[in-house]
Amino acid sequence: MSVPRLQLRPDLIASHISLGDRYVWVLNDPLSQAFHFFDDAEFGILRSLTQGGSFEEIEAKYRGLIEPSNLAQFLATASRTGLLVTNDVMPASRLWRPSPSHTGRPWWSQPLAIRLPGITPDRWLAGRRSVWLRGWLDQLLTGWGGGRFTGRVENQLTSPGASQTAPRTLTHEKAKGARRVLSGVAVLVLCALAIVGVRFDEFLADSADAGTRLFSSLTTTSAGGSSVNGILIMFAFAVVVTKVIHELSHAIVCTALGGQCREIGVLLLLGIPCLYCDVSDTWLMPRRRDRILVSAAGMIAEWTVAAIAVMVWATTQPGTLHDLAALIVIVASVSTLLINANPLLRYDGYYILSDWIGIPNLSAQAQSAMRSTCSRWFRGKRDRAEPASTHRMGAGQNFGLVAYGMASLLYRMLVYAAILWAAYAFIESRVGIGLALPITLWLGFTLLSQLRKRNNRSTAAEGDLQNDRGRQRWGMAGAAIVIALILFVPLPRSRRVGGLIHADEEQPVYVATPGTLVSTGELDGVVQLDGWRLRLQESVARGRVKELRAELAAARIDRLDQPSRSMLHPILEERLASAEETHATIARRLDELRLGNRTGLTRYDPPPRRITQWQRMSERFSWVGVPLRSRNVGATMEAGTLLGRLGHPTRRYVSLFVRQESIDSVRPGQSVSIGYRGLPTGTLSGSVETISADPVDELPEEIIASGWSSHPQQPTHSQTRKEVWYEVTVRLDNANAREWILPTRLVTPTRIHLPATSLFARWQRWIKENF
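Numbering (my numbering), first residue to last: 21 to 791.
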């Protein structure tokens, strides 16, 4: 089969750039928007095909300088990537098979980051409204870099020298202005770091509280049955603000340096609308520092936003703005370091590292080095797909690529696993495992497909099609095994619920008879109330009893002289019995004003009482805080007021409140982990002792106030039925009971360890219960 004549496409865009310690040529394909990097020798071969030529002509031209097999492999790779075209009618050989046309990806292939069609923002970025901003950036960037790339250069294949533009002259005023701007940004960030350092405990507590509420909102539904609550909305707003500023910074800095933002549009990042911008033209900039600054512009902008958010957080009181500022600090600083600045992921940090060490296709080179190393380990020979550039690498650089490839793969799998787990927990808490499992599997499949397609493109470019088919088969087999293990292997599971700590023999102490607090019992343990109305009623009742007794005695004496008065005896006796009963009742109520402790039990204070603003303004309150305190002496205690609880001084048990949907998986004897004041998980443990046969009438106020009850006890118009809860009693282990004396009425997170069940079994059970 004859070999066609090859010709370098005339519409390619070329640029000569500095890369590491050398200069390379960059060819940009305007059709596929791909960038290809070549050294001077490789670019010389391609440039010799500007007018076209056959392989025999090229081989004869470079005979003695390059091996024919290497030359054929290089030209075949250039042909598959679309750089070389053939205009002959003769059929092309397998080596010169054209690359597939570049088509846009459907949205379902990238469900976690859906790109909507965008626009070219050149007109806006070049408009009068942004002249002052571009001028300011021009001063800053010129002062930082000493010059800038002033534009794209097209059709430079015949005049490579035109690709470099003379740097502009740096004036003293611009350098001074740039230093002032950089100094201001540095001072702002340092001030923010100082504030966080001084108030680190407070910031850590606010961040942990926001993170806990965000985690709870992902795994539970909000009050009233709504699927979106305040913390999720605030988190989405923080992500939108920081990512919009991040992407705009890339676009503006790229334009200010003379590059072009090809496209800007809306990106649905995990369902949250953000911006995206295509600034891949930075690879056409000659200076490495300019390209690195474009890549770092978004992170610098986010850190500036984080510093401003720290100032807002430090100057506001707890509330919505305070929490929002804390979330923005977390999103714009911590997440930026873990995601954007991390070179193990293909984001800003990756491109900065790639440009810094001079390997533009770092990920592909690392994968190729990993394949070559694995081939030598398992097959004892070098991978045929290993490119010549890898062959020329030293042992140290090859080891670094292998280490980077392994670390990048493991970290990417870790990030994907965290994303899939968060998606599964969010969907499962809203609609159940019936939809959560299929959606999560679909998301995992699309993520793995993206990795496979990216690897296939890299392998196809290297020309090892036969080995690639074998790797695909092994990869598919490995993926099938992993999915089978995830679906059918029993996995440990648990149920996280709220627990309320009780003292053994706990019993509440209420005010049965209203009265004025006289003694709090802090010394003798006896609480004394004074009820003057009862004392007056008791005196009246006592006098009435004496009066009736005297009248009855007189009637008995008079019956001797007046027998007819004996008829009054039953009436008087009945009145006396009624009066004595009334007096006994009042006396018993007086005794109730004196409250003493039972022997061997300790009195525990109830939750403090907090008055409302209306009560404070109208002064319609008698006592505040804990009732049995010296400051409340003289206050009126109404009937039904909770004075405290009596219970065992050391022995404790925990009451868990489990929904009806989950109670059937709880069994006596199951182990329970109890969280307490930052202790490591598992420090406090116990076992399920009893499960209530009937639902509880109402949840304790402590459980409701702490947020463990996501639904109100009374059904609303948005609820079809009332939430049903069961009480589960947990007995602490003996070692924990002796070592830790837990405070009573403390709400603590607990985790019930349920029997291991496979995901498929859980999904099958959900289907049976709902259909």
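Just so it is clear, CB atoms sit at the ideal spot from N, CA and C, and this is done for glycine as well.
### Classification of residue 527 by the beta-carbon crowding that lies within 10 angstroms, buried from 16 upward
To locate residue 527, count along the sequence shown from 1; it is residue 507. Result: exposed.
### Message
Give me, in chain order, the residues of the same chain whose beta-carbon lies closer than 6 Å to that of residue 48; leave out the 5 immediate sequence neighbours on both sides.
### Response
Indexing the sequence shown from 1 puts residue 48 at position 28. The residues are 33, 55.
### Task
Please list, in chain order, all residues of the same chain as residue 223 whose beta carbon is under 6 Å from its beta carbon, the five residues on each side excluded.
Numbered from its first residue, the sequence shown carries residue 223 at position 203. For residue 223, where only same-chain residues beyond five positions count, the Cβ hits under 6 Å are 216.
### Buried or exposed (CB count within 10 angstroms, at least 16 for buried), residue 734
The residue labelled residue 734 in the question sits at position 714 within the sequence shown. Unreliable placement is indicated for residue 734, whose pLDDT of 46 sits below 50; the coordinate value is still reported in the next sentence. Residue burial is scored here from C-beta neighbours: residue 734 has fewer than 16 other C-beta atoms within 10 angstroms and is therefore classed as exposed.
### Task
With residue 318 as the anchor, note down where its alpha helix (DSSP H) starts and where it stops.
On the sequence shown, position 298 is the one that residue 318 refers to. That run of the alpha helix (DSSP H) goes 308-334.
### Rounded straight-line distance, which links the Cα of residue 429 to that of residue 388
In the sequence shown, residue 388 corresponds to position 368, counting from 1. In the sequence shown, residue 429 corresponds to position 409, counting from 1. So the alpha carbons of these two residues sit roughly 13 Å apart.
### Task
Would you tell me roughly how many angstroms separate the C-alpha atoms of residue 281 and residue 269, rounded to the nearest one?
If you number the sequence shown from 1, residue 281 lands on position 261. If you number the sequence shown from 1, residue 269 lands on position 249. Cα to Cα, residue 281 sits roughly 11 Å from residue 269.
#### Entry: residue 360 (DSSP reduced to helix, strand or coil)
Within the sequence shown, numbered from 1, the residue matching residue 360 stands at position 340. The answer is helix: DSSP assigns residue 360 an H, G or I state.
### Query
Beta carbon of residue 466, beta carbon of residue 440: below 8 Å?
In the sequence shown, counting from the first residue as 1, residue 466 sits at position 446. In the sequence shown, counting from the first residue as 1, residue 440 sits at position 420. Not in contact: residue 466 and residue 440 (Cβ atoms no closer than 8 Å).
### Query
From 591, 294, 255, 605, pick the residue whose C-alpha is nearest to that of residue 284; which is it?
Here residue 284 refers to the residue found at position 264 of the sequence shown. Here the closest residue by C-alpha is 294.
### Rounded C-alpha distance that separates residue 35 from residue 299
Taking the sequence shown and counting its residues from 1, the one referred to as residue 35 is at position 15. Taking the sequence shown and counting its residues from 1, the one referred to as residue 299 is at position 279. Distance between the alpha carbons of residue 35 and residue 299: 16 Å.
### Query
The alpha helix (DSSP H) with residue 783 in it runs from where to where?
Counting from 1 along the sequence shown, the entry for residue 783 is found at position 763. Per DSSP, residue 783 belongs to the alpha helix (DSSP H) from 779-790.
### Query
Grouping DSSP H, G and I as helix and E and B as strand, with all else coil, what is residue 48?
On the sequence shown, residue 48 is found 28 positions in, with the first residue counted as 1. DSSP places residue 48 in the strand class (E or B) of the three-state scheme.
### Task
Determine the direct distance from the alpha carbon of residue 627 to that of residue 364, and round the result to whole angstroms.
One-based indexing of the sequence shown puts residue 364 at position 344. One-based indexing of the sequence shown puts residue 627 at position 607. The alpha-carbon atoms of residue 364 and residue 627 are separated by roughly 50 Å.
### Query
Which whole-angstrom value describes the C-beta separation of residue 453 and residue 786, a residue pair presumed to lie in contact below a C-beta threshold of 8 Å?
Stepping through the sequence shown from its first residue, residue 453 is reached at position 433. Stepping through the sequence shown from its first residue, residue 786 is reached at position 766. Confirmed, Cβ separation roughly 5 Å.
### Message
If I follow the unbroken alpha helix (DSSP H) through residue 589, where does it start and stop?
### Response
Against the sequence shown, residue 589 aligns to sequence position 569. Counting along the chain, the alpha helix (DSSP H) containing residue 589 begins and ends at 589-612.
### Whole-number beta carbon distance between residue 308 and residue 38, since they are thought to touch under 8 Å
Stepping through the sequence shown from its first residue, residue 38 is reached at position 18. Stepping through the sequence shown from its first residue, residue 308 is reached at position 288. Correct: roughly 5 Å between the Cβ atoms.
### Message
Quick check on DSSP: helix, strand or coil for residue 229?
### Response
Residue mapping note: residue 229 aligns to position 209 of the sequence shown, counting from 1. DSSP places residue 229 in helix when its eight states are reduced to three.
### Message
I need the straight-line Cα distance from residue 493 to residue 729, nearest angstrom please.
### Response
Within the sequence shown, numbered from 1, the residue matching residue 493 stands at position 473. Within the sequence shown, numbered from 1, the residue matching residue 729 stands at position 709. The alpha-carbon atoms of residue 493 and residue 729 are separated by roughly 50 Å.
### Query
For residue 624, which beta-bridge partners are listed by DSSP?
Here residue 624 is taken as the residue at index 604 of the sequence shown, counted from 1. DSSP, once it has assigned bridges, lists 665 as partnering residue 624.
### Message
Assuming residue 555 is part of the beta strand (DSSP E), what are its boundary residues?
### Response
Position 535 of the sequence shown, counted from the start, is the residue given in the question as residue 555. Unbroken run through residue 555 is the alpha helix (DSSP H), 552-578; no beta strand (DSSP E).
### Message
Looking at the strands, I want to know which residues DSSP matches up with residue 768.
### Response
Here residue 768 refers to the residue found at position 748 when the sequence shown is read from its first residue. Answer is 519, bridged to residue 768.
### Query
From residue 511 to residue 686, what distance separates their C-alpha atoms?
Working through the sequence shown from its first residue, we reach residue 511 at position 491. Working through the sequence shown from its first residue, we reach residue 686 at position 666. Those two C-alpha atoms are separated by around 17 Å.
### Query
Can you list, in chain order, the residues of its chain whose CB lies under 6 Å from that of residue 332, leaving out five sequence neighbours each side?
Taking the sequence shown and counting its residues from 1, the one referred to as residue 332 is at position 312. Closer than 6 Å at the Cβ level, and outside the excluded window around residue 332, lie 345.
### Message
Going by DSSP in three states, residue 776 sits in which element: helix, strand or coil?
### Response
Taking the sequence shown and counting its residues from 1, one reaches residue 776 at position 756. Reduced to three states, the DSSP call for residue 776 is strand.
### Query
What are the boundary residues of the beta strand (DSSP E) that includes residue 650?
Start at 1 with the first residue of the sequence shown, and residue 650 comes out as number 630. Element bounds for residue 650: n/a, residue is neither H nor E.
### For residue 306 and residue 266, the rounded distance between their alpha carbons
For the purposes of this step, residue 266 is taken as residue 246 along the sequence shown, with counting starting at 1. For the purposes of this step, residue 306 is taken as residue 286 along the sequence shown, with counting starting at 1. Near 24 Å, if we compare the C-alpha coordinates of residue 306 and residue 266.
### Task
Could you tell me the distance, in whole angstroms, from the CA atom of residue 581 to the CA atom of residue 565?
Taking the first residue of the sequence shown as position 1, residue 581 is located at position 561. Taking the first residue of the sequence shown as position 1, residue 565 is located at position 545. Spanning the two alpha carbons is a distance of roughly 25 Å.
### Query
In this structure, does DSSP put residue 268 in helix, strand or coil?
Position 248 of the sequence shown, counting from 1, holds the residue named residue 268. In this structure, residue 268 counts as helix in the three-state DSSP scheme.
### Query
Closest to residue 26 by CA distance: which of 65, 44, 323 is it?
If you number the sequence shown from 1, residue 26 lands on position 6. For the residues 65, 44, 323, the minimum Cα distance to residue 26 belongs to 65.
### Query
What is the rounded straight-line gap between the Cα of residue 120 and the Cα of residue 94?
The sequence position of residue 120 within the sequence shown is 100, counting from 1. The sequence position of residue 94 within the sequence shown is 74, counting from 1. Note on residue 120: pLDDT 46, under 50, position unreliable in the model; no value is reported.
### Message
Quick check on this structure: which residue in 712, 59, 746 has the alpha carbon closest to the alpha carbon of residue 46?
### Response
The residue you call residue 46 lines up with position 26 of the sequence shown. When each option's Cα is compared against that of residue 46, the closest is 59.
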